[in-house]
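Visitor: So that we are looking at the same thing, I have put the structure below in structure tokens.
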Amino acid sequence: MTLLRQNRELKRLGIWNWSLPAFAGKLPDGRNYNACPSAGICAQVCYARNGTYLFPQVKARHQDNLRWTMDDLPDWQHAMLDELSHKRFIDAWVRIHDSGDFYSRAYLTAWLEIMRARQRTRFYAYTKEVAAFRELVEPSPPRNFWWVYSYGGTQDSTLDPDTDRVADVFPDEQAIADAGWHSQEASDLLAVLGPAPVGIPANNIAHFKARQAGRRWSRWQAGVEAARAARRTGTQPATAAGGDRSGASGDPQ
Ligand code: SF4
Numbered sequence: 037m038t039l040l041r042q043n044r045e046l047k048r049l050g051i052w053n054w055s056l057p058a059f060a061g062k063l064p065d066g067r068n069y070n071a072c073p074s075a076g077i078c079a080q081v082c083y084a085r086n087g088t089y090l091f092p093q094v095k096a097r098h099q100d101n102l103r104w105t106m107d108d109l110p111d112w113q114h115a116m117l118d119e120l121s122h123k124r125f126i127d128a129w130v131r132i133h134d135s136g137d138f139y140s141r142a143y144l145t146a147w148l149e150i151m152r153a154r155q156r157t158r159f160y161a162y163t164k165e166v167a168a169f170r171e172l173v174e175p176s177p178p179r180n181f182w183w184v185y186s187y188g189g190t191q192d193s194t195l196d197p198d199t200d201r202v203a204d205v206f207p208d209e210q211a212i213a214d215a216g217w218h219s220q221e222a223s224d225l226l227a228v229l230g231p232a233p234v235g236i237p238a239n240n241i242a243h244f245k246a247r248q249a250g251r252r253w254s255r256w257q258a259g260v261e262a263a264r265a266a267r268r269t270g271t272q273p274a275t276a277a278g279g280d281r282s283g284a285s286g287d288p289q
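Going by this note's numbering, the sequence shown wraps up at 289, each residue one higher than the last.
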């Protein structure tokens with residue numbers, strides 16, 4: 037079985053890809069899972085919960101990937117190491133997760149071991165698992181691993197764009213430029229190699245765009261958190277629930 041794949045977009049860039057199912061669901065055996073435990077508002081507009089990702093054979097493959105890592109992590113790690121030993125991965129790029137995230141510390145640790153054992157391959161990832169990275173990755177990252185923290189998750193407030201490499205999803209390219217952020221549209225690798233902070237234009241999916249309502253994900257998430265805090269304390273949030281609807285307006289934070 038081939039673990040790493042190339043969709044049309046990543047193939048154009050020579051990138052291989054490993055996928056889990058996006059967010060939460062139920063495995064065929066009835067077990068519940070959450071492959072994105074720190075997802076926030078992103079789960080409401082997640083490209084990987086739309087279109088081809090929902091085709092039964094695609095969904096089944098992603099769920100099977102997850103099930104394998106959950107049930108026998110050493111066996112999966114062995115298979116991944118074996119596949120990465122093929123010469124096609126020498127100097128190649130692997131994107132860890134075009135959907136899903138580092139859902140547990142054990143799974144993240146398994147990936148770190150893989151990266152250290154396959155130094156001729158370059159790995160990158162977007163992640164919302166900030167606390168796990170602070171603890172397990174940041175103190176001593178593999179030298180062949182690049183990552184970017186992406187907004188729209190429940191750990192957004194722990195990110196600092198002055199010191200962390202961050203990416204935010206904007207309504208469109210103009211909003212990215214207006215904010216002075218740097219679009220990765222020309223190549224996904226710009227998210228980890230290009231100038232930061234990184235702007236991602238929203239996918240052209242009409243019902244997701246309507247839900248995003250002109251906001252960037254960081255502000256939408258911050259609005260949700262503020263409304264939640266206000267409910268807890270019985271006070272009025274500084275902005276309406278759901279946050280600033282004006283879209284990007286110059287302040288990268
Ligand atoms: S973390 Fe990524 S894959 Fe998971 S729900 Fe959010 S956008 Fe989708």
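For every residue, glycine included, the Cβ atom is placed at its ideal position computed from N, Cα and C.
(1) Give a single yes or no on whether A167 has its beta carbon closer than 7 Å to a heavy atom of the ligand SF4.
(2) Exposed or buried, S176, counting other C-beta atoms within 10 Å across all chains shown (16 or more means buried)?
(3) Around the C-beta of L195, are 16 or more other C-beta atoms found within 10 angstroms, so that it is buried, or is it exposed?
(4) Within 10 Å of its beta-carbon, does I212 have 16 or more other beta-carbons around it, so buried, or fewer, so exposed?
(5) A84: which of T271, F244, I126 sits nearest, CA to CA?
(6) From which residue to which residue does the beta strand (DSSP E) around K123 run?
(7) Go ahead and label G270 buried or exposed: buried means 16 or more other beta carbons lie within 10 angstroms of its beta carbon, across all protein chains shown.
(8) Beta strand (DSSP E) containing D134: first to last residue?
(9) Following the continuous alpha helix (DSSP H) through D100, name the residue where it begins and the one where it ends.
(10) How about A128 and G50: are their beta carbons less than 8 Å apart?
(11) Do L102 and R154 have their CB atoms nearer than 8 Å?
(12) Going straight from the alpha carbon of D65 to that of N239, what length do you get?
(13) Under 8 Å, do V205 and R252 count as touching if we go by C-beta distance?
(14) Thinking just about the alpha-carbon of each residue, which of W52, F138, A215 is nearest to the one in N70?
(15) In chain order, what residues of the same chain lie with their CB nearer than 8 Å to the CB of L172, ignoring the 5 residues before and after it?
(16) Start and end of the alpha helix (DSSP H) containing F244?
(17) Mark E165 as exposed unless 16 or more other C-beta atoms lie within 10 angstroms of its C-beta, in which case mark it buried.
(18) Under the three-state reduction of DSSP, which class applies to P64: helix, strand or coil?
(19) I'd like to know whether the C-beta atoms of Q210 and V81 end up nearer to each other than 8 Å.
(20) Residues in the same chain with beta-carbon distance under 8 Å from T38, minus the five sequence neighbours each way, listed in chain order, please.
(21) Tell me whether F169 sits in a helix, a strand or coil according to DSSP, three-state version.
(22) Terminal residues of the continuous beta strand (DSSP E) containing G270?
Guide: In this structure, then:
(1) no
(2) exposed
(3) buried
(4) By the neighbour-count rule (16 or more Cβ atoms within 10 Å), I212 is buried.
(5) F244
(6) Element bounds for K123: n/a, residue is neither H nor E.
(7) exposed
(8) Segment: none, D134 is in no beta strand (DSSP E) and carries neither H nor E.
(9) 92 to 107
(10) Going by C-beta atoms, A128 is nearer than 8 Å to G50.
(11) no
(12) 33 Å
(13) Yes.
(14) Taking each of W52, F138, A215 in turn and checking the Cα distance to N70, the smallest one comes out for F138.
(15) R141, L144, T145, L148
(16) 242 to 248
(17) Taking all protein chains in view, the Cβ of E165 is crowded by 16 or more other Cβ atoms within 10 Å, so the residue is classified as buried.
(18) coil
(19) no
(20) Only E119 meet the Cβ criterion.
(21) In the three-state reduction of the DSSP assignment, F169 falls in the helix class, which pools H, G and I.
(22) From DSSP, G270 is part of no beta strand (DSSP E); its letter is neither H nor E.
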